[in-house]
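Using numbering that gives the first Met the number 0, you'd call the opening residue of the sequence shown number 0 and step up by one each time.
A virtual CB, placed ideally from N, CA and C, is assigned to each residue, including glycine.
In what follows, a structure is listed as structure tokens, so that the remarks can point back to it.
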Amino acid sequence: MIDSQEKTLNQGVEEVKLPEEATSNATSTGDKAEVKAETAETAAENLNEPAETQPKNEIENLAAKVYSSKKEILERLKAIVDSDENPVKAEIDHLKTAFYKLHFADREAQQKAYLEAGGDPEKYQVLPDEDEESFKAEMTIIKEKRQKAFLALEEEKQENLKKKEAIIEKIKGMATTPEEANKNFPELKALQQEWKEIKTIPAEKANELWRNYQLYVEQFYDLLNLNREAREYDFKKNLEKKTKLCEAAEKLADEEDIISAFHQLQELHQEYRETGPVAKDLREQVWTRFKAASTVINKRHQQHFEALRSREEENLTKKTALCEKVEELAKQENKSASDWEKRTKEIIGIQQEWKGIGFAPQKMNVKIFERFRAACDEFFNRKGEFFKEMKAQFAENTEKKKALVEKAQALTNSTEWKATSDKLIALQKEWKTIGMVPKKIGDQLWNDFLAACNHFFEARNAVHADSHNEERENLSKKNEIIAQLKELAESAKEGVQEKVQQLTDQYNKIGHVPYKEKDKLYKDYHEVLDKLFKDLHINAARKRVDNFRNNLKKVADRGADALDNERGKLMRRFEQLKQEINTYENNLGFLNISSKKGNSLIDDMNRRIQKLKDDMEEVKQKIKAIDAENK
């Protein structure tokens, strides 16, 4: 039913226009025809379409039939082509809409299934569809067939126009005197029947022709001198029929299908105008009732299509927004396969959203879809090119990794442990610089490469197993010495300095430890040494300052200048220490700590600076002691 609505909407059929009822004038003495209007006949003429030979219900059924496959639609098209009947536009439009709905659904389903299955993007192309080519061929034939029917209809309309003009001329000549009117009444009836049997005429002539026909029929009836009883009987029957037509028109207001109600109204108007006149005093009343019922249906029909047009405009706005989204996605730069897959899911989601939106206005419906399809095609074409290039890159990367596997396998049984280790490590670094390859072959290449490397390193490790055991023993010995140093740092015993010196000598004589434990061991050893040396240095400095203070009186006994001379020596020593500290701190800023060796040198430099600062503090305390003695 939607298709038939769209057909009516897009062909620009306006509501039935009902001119005002012809009013009586002073010279009229008989009946006047009630309806002077553009009826269903003229509405059909305005369509400029060949007359439909099938019943209206059958046409509506054909225009609403559901098709499950494109083959079924093609079979129906071929049947129409082979038939002698004129193609029905409503059905042709419906077949076209149904075909492309199935066609695009098949394409999108194939594309989605292909992408989800991880198929080769290079091989995916939108190939010509044989069904679509057949469809276009049949539609071309149908179009030519409809064009021929249209031209034939135009010729028929011209012939019908001439026939009806001839009938009007005959009635005009018959309506001269009451006697002639009474005599020619049977002939009038025959001419009226002939008029009814003549169908379509050119739309631009319909109203004028109908007004002339009604004018002379009314004049004839005004002159007719019939038996009063016969006239009254005729009026009564016409009133009964027109009353039923009014009731039928009023009942259409309750019809849910406004399109069906509108078409039924056209048929009622055809019957109304073919029904003879009623009594003069009832004409205006009956006509007003019928016109009022018609107005209700016409308004509902107009409102229906205004709402439909509004929805179609909303659909166009929504589809335009989706086009803009896809166009924006198609322009975006995708640097990886995951980027493409992410955008693909977004595109497919937008395509699903598109399917849920109804038709746009007919003049834009095809254009907006072509814009949407073009944007989607641009995206998937670019995606195909990307994966085509990626496939070529995969092939190149595969060859590079195969070459590395061969090199690694050639070194598998080497016994040049150091040189071969360096070569294999270099191959491993090079492996990391090579890009991706397809997962299946990539896993196999990696397993082969890893197996070759492991075979060599396992053999090397077996040969060097004894040296590893020795390194673990050295680690145990050095950890034991560190534990003893920590114990000395916690207790203030006599001879700590001598004990520390003995332990450091032992530590330095022990050989290498496992490489992985080297940094931790270094950190633990120097932390405890720093603490011990700091504590020993502070205690010794304090003792030296106390001894210096106790000996100041002996220095003072040698004369007043003795203390000043001693103070001067201390001041020169203080400045010297200060300058050395500045030099070390400046040099510290140039050291590179990115390497472990650089980090170790910085730690040693910091310990030296701290030692100089402690010495400077000791000199400072001695100067203060001299100043106190001078007072």
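What residue from I170, K195, W194 has the CA that sits closest to N183's CA? Ranking I170, K195, W194 by Cα distance to N183 puts I170 first.
Beta-carbon proximity list for C245, same chain, < 8 Å, skipping 5 on both sides: V285, R288, F289, A292.
Straight-line Cα distance separating L315 from N364: Taking the straight line joining both Cα atoms gives about 8 Å.
If you draw a straight line from the C-alpha of K250 to the C-alpha of V295, how long is it? Roughly 11 Å separates the two Cα atoms.
With 16 as the cutoff for other CB atoms within 10 Å, does P513 come out buried or exposed? P513 should be labelled exposed.
In its own chain, which residues sit with a C-beta less than 6 Å from the C-beta of R459, not counting the 5 before and 5 after it? W416.
If you draw a straight line from the C-alpha of A112 to the C-alpha of E71, how long is it? Going by the C-alpha atoms only, they are around 24 Å apart.
Using only the alpha-carbon positions, how far apart do K399 and E377 sit? Take the alpha-carbon of K399 and the one of E377: they are about 33 Å apart.
Endpoints, alpha helix (DSSP H) assigned at P185: Boundaries of the alpha helix (DSSP H) around P185: 184-196.
Return yes when the C-beta of N396 is under 7 Å from any heavy atom of the ligand NAD, and no when it is not. As far as ligands go, the structure on display features none, and thus does not contain the ligand NAD.
Here's the rule: buried if 16 or more other CB atoms are within 10 angstroms of the residue's CB, otherwise exposed. What is H262? Its Cβ being crowded by 16 or more others within 10 Å, H262 is buried.
F448 versus E405, V462, E489, residue with shortest Cα-Cα distance: For F448, the closest of E405, V462, E489 by C-alpha to C-alpha distance is E405.
Assuming K111 is part of the alpha helix (DSSP H), what are its boundary residues? Per DSSP, the continuous alpha helix (DSSP H) segment holding K111 begins and ends at 88-115.
Should Y232 be labelled buried (16 or more other beta-carbon atoms within 10 Å of its own) or exposed? Y232 comes out exposed.
Any chance the stretch 98-107 sits against the stretch 67-83, with 3 or more Cβ pairs inside 8 Å? Contact check between the stretch 98-107 and the stretch 67-83: three or more CB pairs, one atom from each, fall below 8 Å, which counts as touching.
Since L487 and V495 should fall inside the 8 Å C-beta cutoff, what is the C-beta to C-beta distance between them, to a whole number of angstroms? With a Cβ gap of about 6 Å, L487 and V495 count as contacting.
Find the nearest neighbour of N356 within the set D83, V277, R310, judged by alpha-carbon distance. For clarity, residue 356 is Ile in the given sequence; the question names Asn instead. Just measuring C-alpha positions, the residue of D83, V277, R310 sitting nearest I356 is R310.
What does the alpha-carbon distance come out to for the pair K476 and Q620? Q620 has its alpha-carbon roughly 42 Å from the corresponding atom of K476.
Should L444 be labelled buried (16 or more other beta-carbon atoms within 10 Å of its own) or exposed? Its Cβ being crowded by 16 or more others within 10 Å, L444 is buried.
Counting C-beta neighbours from all protein chains within 10 Å, is the total for R272 16 or more, i.e. buried, or is it exposed? Classification of R272: buried, given that the 10 Å Cβ count is 16 or more.
Taking the alpha carbon of L328 as the point to measure from, which residue in F456, L73, N629, I347 has its own alpha carbon closest? Closest option to L328, Cα to Cα, is I347.
Name the two residues that bound the continuous alpha helix (DSSP H) containing V65. In the DSSP assignment, V65 falls outside any alpha helix (DSSP H), carrying neither H nor E.
Taking just the CA atoms, how far does E628 sit from I622? Going from the Cα of I622 to the Cα of E628 covers about 10 Å.
Cα-Cα separation, A409 to D602: Answer to the nearest angstrom: the Cα atoms are 45 Å apart.
May I ask which residues mark the beginning and end of the alpha helix (DSSP H) holding A402? Start and end: 361-409.
Given a threshold of 16 other Cβ atoms within 10 Å of its Cβ, counted over all protein chains shown, does Q110 qualify as buried or as exposed? It counts as buried.
Which value, in whole angstroms, describes the spacing of the CA atoms of M604 and D560? Between M604 and D560, the C-alpha separation is close to 39 Å.
The alpha helix (DSSP H) spanning F149 covers which residue range? For F149, the uninterrupted alpha helix (DSSP H) run begins and ends at 129-173, by DSSP.
On the three-state DSSP scale, how would you describe Q331? Three-state result, Q331: coil.
As assigned by DSSP and simplified to three states, the class of H268: Helix at H268.
May I have the straight-line CA-CA distance separating E323 from Q351, to the nearest angstrom? Answer to the nearest angstrom: the Cα atoms are 16 Å apart.
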